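Colleague: I have a structure I would like to understand better, so I am pasting it below and will then ask my questions one at a time.
Structure below.
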């Protein structure tokens, strides 16, 4: 069990189940990290010019996931008008990034794993959105 | 003229006017900074217990503004499904944060200035959204 | 095994053992998250005025840990002149934050867990520093 | 005058001159932004394979500058053991990034401007370090 999960079990400050939030946060931070490593790996491949879109989407994905994790880590001042569109943006970039990584998955193992991290995160965002709306 | 503005004039990679984007980025980063200093100042006031909501909203505002600035600083892989909800989340938190800071503006000069930074940013997000939609 | 760990096993771009880096990244992101939840919990306690130092240190800790994780997630362009002082700053803030959280650990369960996350991260930074120097 | 400058004039919480801090923050955020746009521009050039080092250094520079700005925006809980090595890491990455951008400055206008932003930030970090030590 991560510290995040333990912390949210103790600091149970919203109507949303703390385990749903904690597992979303873990998916978000792991996806943000995977995308960061993916960029570093993409920049070293021989077919670099074909990886430009992948690098760009991974950059957006890292930033949006990391900030979404921060916002939902602070449940006490929850505001649907902020959290809902933020999760929608996050879901959209995770989907776009997974789609693009899958294009390269056969040739680049790092893209195959990154695509999984993005899909996983996309699905966690979708679940959390369903709970919040 | 900031370096951001110069950079976006040179790297003119989207259909959106670079000056609109650059001035939105400047408003976003300045708002993120103002909120960060506001939290530090709020934590030092004598009526601290009345500032909790303000601190919480400023934390969200800092993070959402900073990430929105990052995403729109990379115009080459623009995706409306990501940028539009992100700007909507940003606009909502800037508005909420400005509203709360205004409550304290009469007693705390730092909240008065922070409210202005949030309003300014809210209006830049609105303008950019109107251009993108 | 997190996606971060899988990614760094594949993208083995530096002389440093990928498992050491991956477990440091996991400790850093988990500590950053724990501190963020701790701030939200601190802001809700009845003895709020005694928690100001804790909140302030947790804010610094979150930001320094999150950025240190980002930098070491990109091993291909490793520069000791950047990574070593960054890890030193990170170690120092984790230690300061753990010390302060421990003061409140008896009364606030969330501070007890956050102190553990900080100590864990401090120890991972120390190990990674020993490898790099 | 930016909102950051106004905020730090009001929230005068450390021994350091607020104008020195505010102008360092402005240089740090502008440098972080310039590097982000530089990456986006680099990814679009025809000699992409020669820009890999530049992209990698700009990524580190963005993150370290943005976090340094956050930490020095909260002067009330200042700790030299954190701030000094953080500024040293920041100075080192700004210098490395400026050196690399200058290599490409003759061919890429966006690298010429980014190098200036990095040099400017390097010099502000140096000045602030001299004040703190």
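Chains as they are written, first to last, in this note's numbering: chain X, 1 to 133; chain Z, 134 to 266; chain B, 267 to 399; chain C, 400 to 532.
The beta-carbon is built from N, C-alpha and C at its ideal position, and this holds for glycine as well.
Values in this document were obtained by computation on a predicted structure and should not be read as measured data.
(1) Say whether the segment 96 to 113 of chain X touches the segment 155 to 168 of chain Z, bearing in mind that this needs 3 or more beta-carbon pairs closer than 8 Å, one atom from each stretch.
(2) With 8 Å as the C-beta to C-beta threshold (strictly closer), list the residues of the segment 178 to 189 of chain Z near chain B in chain order.
(3) What residue does the alpha helix (DSSP H) around residue 402 of chain C start on, and which one ends it?
(4) Going by the beta-carbon positions, is the gap between residue 492 of chain C and residue 348 of chain B smaller than 7 Å?
(5) Answer with yes or no whether the minimum CB distance from residue 249 of chain Z to chain X is below 7 Å.
(6) Distance check for residue 430 of chain C and residue 346 of chain B, CA to CA, integer angstroms please.
(7) Of the choices C:438, C:496, C:470, whose alpha-carbon is the least far from that of residue 141 of chain Z?
(8) What number of angstroms, rounded off, separates the C-alpha of residue 235 of chain Z from the C-alpha of residue 249 of chain Z?
(9) For chain X, find out if any of its Cβ atoms is closer than 7 Å to the Cβ of residue 333 of chain B; answer yes or no.
(10) What does a CB cutoff of less than 6 Å around residue 280 of chain B pick up in its chain, not counting 5 residues either side in sequence?
(11) What did DSSP end up calling residue 186 of chain Z once you bin it into helix, strand or coil?
(12) Starting from the Cα of residue 204 of chain Z, find the closest Cα among X:71, X:132, X:84, X:90 and give me that residue.
(13) Can you tell me which of the three DSSP states residue 91 of chain X falls into?
(14) Using a C-beta to C-beta distance shorter than 7 Å, which residues of chain X count as neighbours of residue 427 of chain C?
(15) By how many angstroms is the C-alpha of residue 505 of chain C removed from the C-alpha of residue 133 of chain X?
(16) What are the start and end residues of the alpha helix (DSSP H) that includes residue 436 of chain C?
(17) For chain X, is any of its Cβ atoms less than 7 Å away from the one on residue 375 of chain B?
(18) Shortest alpha-carbon distance to residue 267 of chain Z belongs to which of Z:254, Z:261, Z:153, Z:260?
(19) Please report the distance separating the alpha-carbon of residue 339 of chain B from that of residue 180 of chain Z.
(20) Here's a check: name, in chain order, each residue in its chain whose Cβ is nearer than 8 Å to the Cβ of residue 302 of chain B, leaving out the five neighbours to either side.
(21) Tell me, please, whether the CB atom of residue 78 of chain X is closer than 7 Å to any CB atom in chain B?
(22) Taking residue 167 of chain Z as the reference, give the member of Z:149, Z:150, Z:188, Z:183 with the closest Cα.
(23) Suppose contacts are defined by Cβ-Cβ distances below 7 Å. Is residue 334 of chain B in contact with residue 294 of chain B by that definition?
(24) Which value, in whole angstroms, describes the spacing of the CA atoms of residue 3 of chain X and residue 309 of chain B?
(25) Can residue 410 of chain C and residue 229 of chain Z be called in contact, C-beta distance under 7 Å?
(26) Compare the beta carbon distance of residue 316 of chain B and residue 484 of chain C with 7 Å and say whether it is the shorter of the two.
(27) Ends of the alpha helix (DSSP H) at residue 130 of chain X?
(28) How should residue 98 of chain X be labelled, buried or exposed, when 16 other C-beta atoms within 10 angstroms of its C-beta is the threshold for buried?
Modeller: In short, the structure shows the following:
(1) Touching, no.
(2) So the close ones are 181, 182, 185, 188, 189.
(3) Following the DSSP letters along the chain, one finds residue 402 of chain C inside the alpha helix (DSSP H) bounded by residues 402 to 409.
(4) Going by C-beta atoms, residue 492 of chain C is nearer than 7 Å to residue 348 of chain B.
(5) No, residue 249 of chain Z does not count as interfacial toward chain X.
(6) When rounded, the distance between both Cα atoms is 21 Å.
(7) The closest CA to that of residue 141 of chain Z, considering only C:438, C:496, C:470, is found on C:438.
(8) So the two alpha carbons sit approximately 9 Å from each other.
(9) Not a single CB atom of chain X sits nearer than 7 Å to the CB of residue 333 of chain B.
(10) Non-local C-beta neighbours of residue 280 of chain B in its own chain, meaning closer than 6 Å and more than five positions away in sequence, comprise 341, 344, ordered along the chain.
(11) Residue 186 of chain Z falls in the helix class under three-state DSSP.
(12) When each option's Cα is compared against that of residue 204 of chain Z, the closest is X:90.
(13) Helix.
(14) Neighbours of residue 427 of chain C in chain X, taken as residues whose beta carbon is under 7 Å from its own, are absent, since the nearest beta carbon is some 18 Å off.
(15) Taking the straight line joining both Cα atoms gives about 53 Å.
(16) Where residue 436 of chain C is concerned, the enclosing alpha helix (DSSP H) stretches over 417 to 441.
(17) At least one CB atom of chain X sits nearer than 7 Å to the CB of residue 375 of chain B.
(18) Absent from the structure is residue 267 of chain Z, since the part of chain Z shown begins at 134 and ends at 266.
(19) Distance between the alpha carbons of residue 339 of chain B and residue 180 of chain Z: 42 Å.
(20) Within its own chain, the residues whose Cβ lies closer than 8 Å to the Cβ of residue 302 of chain B, once the five positions on either side in sequence are excluded, are 324, 328, listed in chain order.
(21) With 7 Å as the cut-off, residue 78 of chain X does not count as an interface residue toward chain B.
(22) The candidate whose alpha carbon is nearest that of residue 167 of chain Z is Z:188.
(23) Yes. Within cutoff.
(24) Each residue's Cα considered, the two are about 19 Å apart.
(25) Contact flag unset, no.
(26) Contact: no.
(27) Per DSSP, residue 130 of chain X belongs to the alpha helix (DSSP H) from 109 to 132.
(28) Result: buried.
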